[in-house]
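The structure appears right after this line, and notes come after that.
Chains as they are written, first to last, in this note's numbering: chain A, 702 to 813; chain B, 86 to 550.
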């Protein structure tokens, strides 16, 4: 099993969700986050003084999938979240040792 | 006995004060009897007009809260700023040319004169004693500046309606320019037709506090803006179905709704422009009852049709009832006001669903409130009017007056609608060509707070050096 952590533009959430709905993916966790990458921050103004807000608002999605779903899931997220400009975000994937469904006690892929 | 004593003691200081006051005047001039009844009437009428005008002014706060609450957090500063600045620009435009176009003598289509409030005027003289160029306002016995201020806050209200329609996608500067056109030109012209002694007034059209003059005019202008701007990004899915874009603060919507409700007790009862006990209490009663009935019906409609008692529909319903009763408030019975409000609450829910379906993206429901119910309220005069109400005048259809009044109301609605819509469409188009109207898609997605204002409404205190 793998965990995909996807950093995306906030307004792309619906499209990503719609794309994942069409696949065999049954859940995600969404967090509002702030950070920076190549897009850097943005400039704001306050009472005549310009300042740099170093961190952009983004969303972080955490999605658990079976090993054989990783490629298509990443492709689906990429296609849905892409605008082609700096700031589109990134996807990280990592191994997941085990999963437990709290309600039933199911373990592993059974619990996805 | 004891109580009588303490009563006398309580009045003692006042008696001294009165003695001193009369002695003071006695020194200054020959013994006087104090203000005459006529002077007192001017004083009380002026107090009433100014106090209610201040309430109407405060409606800007209500609109700002409702509109920003029904939009997303990323656009909140922009919407609040629009609602704040719109009154300043309307006031300037209305002072320079608007008031003159609306109320100065001229022809039946346009007032000519009154630039910068210039021209003869001997207010507070009324009726035949009035000598000046603002004859259409000679029925109210208050100073000219009281008349101006009261009318100004109404012009500001019409202008602020538009900001909700075009929210979350329009350039700040383009909106401001349109405000000048609306408050300085469009609103005063159609206002002249109805309130300035123009052709619709002569025809018998009646609009007590502005269902058409203020609200439908704001609505038509906003509709033209929406059609040229198009829907917000993300409002419609690829298959054409509606993607709801929830507002960010129902707490703001709540507060704004109550501020507007309170403001309406200035808007309608103040339009008597005189401290007339019977009229202002009647109007306050009809205004409040229509609002309450509309709250009831809009909430029920939402509950039945949408499955939940949607609170945003409850607030829209309250405003719908208030807009609908604005024209008839002094011309109809209390019972009729309840029916008018009841229907307004139904109309607003259907209108919201209708506009959404037709891809007319109105983020705050301003069209459903101000346009749909501005029309309904204007027509309601022709249906429910009764000569027994404080406003007097012809009976409506349901009170044996036949179709005459209804016909005048309908012609007025159509004429003002067609003129305002055409003028607004032209103005929006010119502004679009010269300045641009809609922000870039990228900026719209980032939010207008960052792209237009450079300032977030709710900044996360960023970690920075």
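All C-beta atoms, glycine included, are put in the ideal place defined by N, C-alpha and C.
For residue 731(A), the enclosing beta strand (DSSP E) starts and ends at 730-736. Listed along chain B, no residue sits closer than 7 Å to residue 727(A) by beta-carbon distance, the nearest being about 22 Å off. Exposed is the label assigned to residue 747(A), since fewer than 16 other Cβ atoms lie within 10 Å of its Cβ.
According to DSSP, residue pairing for residue 793(A) in a beta bridge involves 706(A). Under the DSSP assignment, residue 258(B) falls in the alpha helix (DSSP H) whose first and last residues are 257-266. For a cut-off of 8 Å, the C-beta gap from residue 738(A) to residue 754(A) is around 14 Å, too long to register as a contact.
Listed by position along chain A, the residues whose Cβ is nearer than 7 Å to that of residue 253(B) form an empty set, because the closest Cβ is around 12 Å away. With its beta carbon less than 9 Å from one in chain A, residue 544(B) belongs to the interface.
For the pair residue 271(B) and residue 785(A), the Cα-to-Cα distance works out to about 44 Å. The C-alpha of residue 175(B) is placed about 20 Å away from the C-alpha of residue 153(B).
The alpha helix (DSSP H) runs of length 4 or more contained entirely in the region 238-310 of chain B are, from start to end of the chain, 257-266, 272-279, 284-288.
DSSP links residue 321(B) through a beta bridge to 327(B). According to DSSP, residue 157(B) shares a beta bridge with no other residue. Residue 280(B) is a Cβ neighbour of residue 298(B), given a cutoff of 9 Å.
DSSP places residue 399(B) in the helix class (H, G or I) of the three-state scheme. Secondary structure note for residue 754(A): its beta strand (DSSP E) is the uninterrupted segment 750-754. 305(B) is the residue among 370(B), 442(B), 305(B) whose C-alpha sits nearest the C-alpha of residue 513(B). When the alpha-carbon of residue 762(A) is set against those of 793(A), 740(A), 752(A), 724(A), the nearest one is in 793(A). Taken through DSSP and simplified to helix, strand or coil, residue 448(B) comes out as coil. Within the model, the alpha-carbon separation for residue 167(B) versus residue 802(A) is close to 50 Å. Around the Cβ of residue 219(B), a 10 Å sphere holds 16 or more other Cβ atoms; the residue is buried. In the DSSP annotation of this structure, the continuous segment of the alpha helix (DSSP H) that includes residue 362(B) starts and ends at 362-391. When DSSP reads this structure, residue 764(A) sits in a beta bridge with 705(A). Residue-level contact check: residue 744(A) touches chain B, since one or more beta carbons of chain B fall below 9 Å from its beta carbon. Non-local C-beta neighbours of residue 524(B) in its own chain, meaning closer than 8 Å and more than five positions away in sequence, comprise 254, 255, 256, 533, 536, 537, ordered along the chain.
Between residue 207(B) and the set 222(B), 200(B), 216(B), the nearest pair of CA atoms involves 216(B). When rounded, the separation of the alpha-carbon atoms in residue 795(A) and residue 758(A) is 23 Å. For residue 776(A), the closest Cβ of chain B is not nearer than 9 Å. Put simply, the backbone Cα of residue 140(B) is about 24 Å away from that of residue 425(B).
For the pair residue 811(A) and residue 728(A), the Cα-to-Cα distance works out to about 14 Å. Listed along chain A are 715, each with a C-beta nearer than 8 Å to that of residue 328(B). For the pair residue 276(B) and residue 211(B), the Cα-to-Cα distance works out to about 21 Å.
Close to residue 535(B), with beta-carbon spacing below 8 Å, are these residues of chain A in chain order: 743, 745. The beta carbon of residue 319(B) falls within 9 Å of a beta carbon belonging to chain A, placing the residue at that interface.
With distances taken between CA atoms, residue 365(B) lies nearest to 475(B) out of 170(B), 475(B), 541(B), 180(B). Within chain A, no C-beta atom comes nearer than 7 Å to that of residue 315(B); the closest sits roughly 17 Å away.
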